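Residue numbers (my numbering), protein chains in the order written: chain W, 10 to 189; chain B, 10 to 189; chain F, 10 to 189; chain C, 10 to 189.
A short write-up of the structure that comes next.
4 protein chains.
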Amino acid sequence: MGKILILYYSKSGNTKKMAEYVKTGAEVIEGNDVRLKSIDEATADDVFWCDGIALGAPTHLGVVPWKMVRWWDGNTGEFWQNVDGKFGCVFSSSGGWGGGTELTCQGLAKILMNFGMFVFGLPDYTSGDMTLHYGSICAGEPKREDVIESCKRLGRRLSEWVAVYVDGKREESPLVNRYR
Amino acid sequence: MGKILILYYSKSGNTKKMAEYVKTGAEVIEGNDVRLKSIDEATADDVFWCDGIALGAPTHLGVVPWKMVRWWDGNTGEFWQNVDGKFGCVFSSSGGWGGGTELTCQGLAKILMNFGMFVFGLPDYTSGDMTLHYGSICAGEPKREDVIESCKRLGRRLSEWVAVYVDGKREESPLVNRYR
Amino acid sequence: MGKILILYYSKSGNTKKMAEYVKTGAEVIEGNDVRLKSIDEATADDVFWCDGIALGAPTHLGVVPWKMVRWWDGNTGEFWQNVDGKFGCVFSSSGGWGGGTELTCQGLAKILMNFGMFVFGLPDYTSGDMTLHYGSICAGEPKREDVIESCKRLGRRLSEWVAVYVDGKREESPLVNRYR
Amino acid sequence: MGKILILYYSKSGNTKKMAEYVKTGAEVIEGNDVRLKSIDEATADDVFWCDGIALGAPTHLGVVPWKMVRWWDGNTGEFWQNVDGKFGCVFSSSGGWGGGTELTCQGLAKILMNFGMFVFGLPDYTSGDMTLHYGSICAGEPKREDVIESCKRLGRRLSEWVAVYVDGKREESPLVNRYR
Numbered sequence: 010m011g012k013i014l015i016l017y018y019s020k021s022g023n024t025k026k027m028a029e030y031v032k033t034g035a036e037v038i039e040g041n042d043v044r045l046k047s048i049d050e051a052t053a054d055d056v057f058w059c060d061g062i063a064l065g066a067p068t069h070l071g072v073v074p075w076k077m078v079r080w081w082d083g084n085t086g087e088f089w090q091n092v093d094g095k096f097g098c099v100f101s102s103s104g105g106w107g108g109g110t111e112l113t114c115q116g117l118a119k120i121l122m123n124f125g126m127f128v129f130g131l132p133d134y135t136s137g138d139m140t141l142h143y144g145s146i147c148a149g150e151p152k153r154e155d156v157i158e159s160c161k162r163l164g165r166r167l168s169e170w171v172a173v174y175v176d177g178k179r180e181e182s183p184l185v186n187r188y189r
Numbered sequence: 010m011g012k013i014l015i016l017y018y019s020k021s022g023n024t025k026k027m028a029e030y031v032k033t034g035a036e037v038i039e040g041n042d043v044r045l046k047s048i049d050e051a052t053a054d055d056v057f058w059c060d061g062i063a064l065g066a067p068t069h070l071g072v073v074p075w076k077m078v079r080w081w082d083g084n085t086g087e088f089w090q091n092v093d094g095k096f097g098c099v100f101s102s103s104g105g106w107g108g109g110t111e112l113t114c115q116g117l118a119k120i121l122m123n124f125g126m127f128v129f130g131l132p133d134y135t136s137g138d139m140t141l142h143y144g145s146i147c148a149g150e151p152k153r154e155d156v157i158e159s160c161k162r163l164g165r166r167l168s169e170w171v172a173v174y175v176d177g178k179r180e181e182s183p184l185v186n187r188y189r
Numbered sequence: 010m011g012k013i014l015i016l017y018y019s020k021s022g023n024t025k026k027m028a029e030y031v032k033t034g035a036e037v038i039e040g041n042d043v044r045l046k047s048i049d050e051a052t053a054d055d056v057f058w059c060d061g062i063a064l065g066a067p068t069h070l071g072v073v074p075w076k077m078v079r080w081w082d083g084n085t086g087e088f089w090q091n092v093d094g095k096f097g098c099v100f101s102s103s104g105g106w107g108g109g110t111e112l113t114c115q116g117l118a119k120i121l122m123n124f125g126m127f128v129f130g131l132p133d134y135t136s137g138d139m140t141l142h143y144g145s146i147c148a149g150e151p152k153r154e155d156v157i158e159s160c161k162r163l164g165r166r167l168s169e170w171v172a173v174y175v176d177g178k179r180e181e182s183p184l185v186n187r188y189r
Numbered sequence: 010m011g012k013i014l015i016l017y018y019s020k021s022g023n024t025k026k027m028a029e030y031v032k033t034g035a036e037v038i039e040g041n042d043v044r045l046k047s048i049d050e051a052t053a054d055d056v057f058w059c060d061g062i063a064l065g066a067p068t069h070l071g072v073v074p075w076k077m078v079r080w081w082d083g084n085t086g087e088f089w090q091n092v093d094g095k096f097g098c099v100f101s102s103s104g105g106w107g108g109g110t111e112l113t114c115q116g117l118a119k120i121l122m123n124f125g126m127f128v129f130g131l132p133d134y135t136s137g138d139m140t141l142h143y144g145s146i147c148a149g150e151p152k153r154e155d156v157i158e159s160c161k162r163l164g165r166r167l168s169e170w171v172a173v174y175v176d177g178k179r180e181e182s183p184l185v186n187r188y189r
């Protein structure tokens, strides 16, 4: 049974809403256990527990917010060389398009890479002008249907990859067989 | 008299339209000479000529399109240590939000930094959910009024900085006096 | 049997040497098939063939060299939504430390992410002052023992992850059991 | 009289040493006032005061350390739209080459860009294999002569640009006349 953690920091509530949509998407794939936690609730054990992680935070100044960095920094001693090989993806919200969400997604991705995790994006569109190639992004509150769908699809894909690679369902997966 | 170059590569025509709006904005500040050129038209002399440059390209695979990289690569011998100290800003279009425009803006910014130029963004919004903190970005064709205004404001600010710092209008500038 | 592709572009020969060391490392894990190809030799089929890819290029202007971008750009139509779920890592050389290798590694990583691949780094050191957290990097020719070891370890880890996740050796892997 | 601020966060003391070398370089240009402050000592007024800023921090997890992000975050209300148009450059230290210094330099640069400042690198080498194209970087303690020189040259160039553009010495500057 695959284990999925959605870990987020939210200030205005927008990233929290994104996280909830990511969770909804992750639960579409049956047979995985999905946890949603803010950094105020999560402990190092949640990361040890999971096979796949979706990490989200708003963009502040184009970088990862300090409370999110502090959370990982405080657990670095435990995580170092002990959490690699997990599957990871990222999401971020900001006040406006162009406000740094893609840049903060890259920052979140670097944190996961730093610990040896696998980071992926989706070669996919959720509408004529909404993509999630490097993670899901949102300007303001996630209200647009294509933004909500972007969050859901991110969570679903994470859940799919965990099912495929961790839960041993590789042979029966249309996702994998697609590219064979 | 300050000299402004808007240099772009466009495949679909969207980045070209952005470039034209950047030019419109740059021309708002009187007394600067503004040139708009695609990389098919521009030569190394255009870069030598300018005091400020706005550099634009669509995002391809999250990185700077190869034709734009090739253009700079081919002029590196001439530019190296000969074009630093110019003012620069960037813009990018993509098929959709989240498609890599911010990442490509960073790539374009790195090219300018590599040659010792000054790269800036705007701490500004052009609507409730449109910013240009790290350059102007656009999903698809620039139709939204706030995207068009983002391009114009980018060009205008470039033109203002050149007037302030190169054309010696520092004492009389509200832009500079604002932060004193 | 896992399949590993080391794909590189080299101008001076330094990245080619790195690629050869990556190959040596990848071959340490028995039972995987390892191919080394430059972008002049490789076709789209090599990417379709592989389960894991190590992608390398020198840094030019802080971004991915145009010939490497062009190679992927030319194959985008075939690759789009057809190569995701493969394991990927990156490496880069430059004239000097601080010359953009980490930035170019990020550019290469974005290309892989764009196509839905998994990108990872190594939470590891190969000497007191050499790491490969975001890919292997090198200043000039790979002569330092810790740089050579960095390339080898990158290839080896790629080969290990493919064995673990693609070749079904997850249960017996010390790499995976380590973090349980 | 130009005003230069070297602002840093240091944990191990290595970035502090880099900052001191940056200061030494900045003082080479006569007629500028140079301040060196850690984020524990500096207040928002130091940023308002300066015409040019060199910002430094170690790399933690490939991103800007949380204490540095928190410092800027706490002053965002005051800084927003009030500190743009200043000249900025960056520097970073890490445990090893490849450990994220270039990435953290980019993070620091994004913070400065976010506030509308001009960010630059140096198209220069300080030895056969040491550059500072995107800021000065160091692995461990700054002991290598070319690393120390990199820090000094970064500070000197910042001081030169301030003299040229803020202190009105543009006409007499070899730096500017070089590219005419």
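For every residue, glycine included, the Cβ atom is placed at its ideal position computed from N, Cα and C.
Computed from a predicted model, the values in this text were never measured in an experiment.
Take Met10 (chain B) and list the residues in its own chain whose beta-carbon comes closer than 8 Å to its own, dropping the five residues that flank it on each side.
Hits under 8 Å: Gly40, Asn41, Asp42 and Asp176.
Where DSSP assigns a beta bridge to Arg44 (chain C), which residues make up the other side?
C:Leu14
Cys160 (chain B) (DSSP reduced to helix, strand or coil):
helix
Start-to-end residues for the alpha helix (DSSP H) that takes in Thr113 (chain W):
Thr110 to Asn123
Counted within 10 angstroms of its Cβ, other Cβ atoms place Thr135 (chain F) as buried (16 or more) or exposed
A buried status is given to Thr135 (chain F), since no fewer than 16 other beta-carbon atoms sit within 10 Å of its beta-carbon.
Where Thr68 (chain F) falls: helix, strand or coil (DSSP):
Coil at Thr68 (chain F), not helix or strand.
Leaving out the 5 sequence neighbours to the left and right, which residues in its chain are closer than 6 Å to Ser145 (chain F) when beta-carbon positions are compared?
Phe100, Ser159, Cys160 and Leu163
Which residues, taken in chain order from the segment 81-94 of chain C, show a beta carbon closer than 8 Å to some beta carbon of chain W?
Trp81, Asp82 and Thr85
Closer than 9 Å at the beta carbon, the chain W residues around Met139 (chain F)
Ordered by position in chain W, no residue passes the 9 Å Cβ test against Met139 (chain F), which lies about 16 Å from the chain.
Residues in the same chain with beta-carbon distance under 8 Å from Gly105 (chain W), minus the five sequence neighbours each way, listed in chain order, please.
Ala148 and Gly149
Sort out for me which residues DSSP pairs Gly61 (chain B) with in a bridge.
B:Ile13 and B:Phe96
If you reduce the DSSP assignment to three classes, tell me which class Thr24 (chain B) lands in.
helix
With Met77 (chain C) as the anchor, note down where its beta strand (DSSP E) starts and where it stops.
First-last for Met77 (chain C): Trp75 to Phe88, but that is the alpha helix (DSSP H), not the beta strand (DSSP E).
Skipping 5 residues on each side, what residues in its chain have a beta carbon closer than 8 Å to that of Val4 (chain B)?
Residue 4 (chain B) lies beyond the stretch modelled for chain B, which goes from 10 to 189, so this question has no answer here.
Please confirm whether Met77 (chain B) and Ile48 (chain B) have their CB atoms less than 8 Å apart.
yes
So, using beta-carbon positions, are Arg44 (chain F) and Leu14 (chain F) closer together than 8 Å?
In terms of Cβ geometry, Arg44 (chain F) and Leu14 (chain F) form a close pair [threshold 8 Å].
Any idea which residues DSSP pairs Ser145 (chain B) with across the strands?
B:Phe100
Between the segment 161-176 of chain B and chain W, which residues of the former have CB atoms less than 7 Å from a CB of the latter, in chain order?
Flagged: no residues at all.
Return no unless some Cβ of chain F is closer than 8 Å to the Cβ of Met27 (chain B).
no
For Glu111 (chain F), which residues in chain C fall below 8 Å Cβ to Cβ?
The contacting residues are Gly107, Gly109, Thr110, Glu111 and Leu112.
State yes or no: is the beta carbon of Lys46 (chain C) nearer than 8 Å to at least one beta carbon in chain B?
no
7 Å Cβ shell around Trp81 (chain F) - same chain, five flanking residues per side excluded
Ile120
Determine, for Pro67 (chain F), whether the minimum Cβ-Cβ distance to residues of chain B falls below 8 Å.
no
Let me know if Gln115 (chain B) comes out buried or exposed under the rule of 16 or more other beta-carbons within 10 Å of its beta-carbon.
Buried, because 16 or more other Cβ atoms sit within 10 Å of the Cβ of Gln115 (chain B).
Taking Cβ to Cβ, would you say Met33 (chain W) is nearer than 8 Å to Ala66 (chain W)?
Going by the sequence as given, residue 33 (chain W) is Thr instead of Met. In this structure, Ala66 (chain W) does not lie closer than 8 Å to Thr33 (chain W) by Cβ.
Beta-carbon contacts of Glu87 (chain C) that lie in its chain and below 6 Å, excluding the five residues immediately before and after
Ala53
Looking only at its own chain, which residues have a Cβ that is under 6 Å from the Cβ of Asn23 (chain B), when we skip the five neighbours before and after it?
Ser102 and Glu150
Leaving out five residues before and five after Gly94 (chain C) in sequence, what residues of the same chain have Cβ atoms less than 8 Å from its Cβ?
Close CB contacts of Gly94 (chain C) within its chain, under the 8 Å cut and outside five residues either way in sequence, are with Gly125, Met126 and Phe127 (chain order).
Beta-carbon of Met77 (chain C) versus every beta-carbon of chain B: anything under 8 Å?
no
Taking the alpha-carbon of Gly107 (chain W) as reference, which of B:Ser168, B:Trp89, B:Ala35 and B:Asp133 has the nearest alpha-carbon?
B:Asp133
Since Ala63 (chain F) contacts Leu167 (chain F) with CB under 8 Å, what's their CB separation in whole angstroms?
5 Å between Cβ atoms; contact.
Taking C-beta to C-beta, are Arg79 (chain W) and Trp75 (chain C) nearer than 8 Å?
Yes, these two residues count as a Cβ contact at 8 Å.
Look at the alpha carbon of Arg131 (chain W) and the alpha carbon of Trp89 (chain F), and state the distance between them as a whole number of angstroms.
Per the sequence shown, residue 131 (chain W) should be read as Leu rather than Arg. One C-alpha to the other measures close to 10 Å.
List the whole-angstrom C-beta distance separating Asp55 (chain B) from Lys46 (chain B), where the pair is believed to meet the contact cut-off of C-beta under 8 Å.
The C-beta separation of Asp55 (chain B) from Lys46 (chain B) comes to about 6 Å, placing the pair in contact by the 8 Å criterion.
Tell me whether the beta-carbon of Tyr143 (chain B) lies closer than 8 Å to the beta-carbon of Glu169 (chain B).
no
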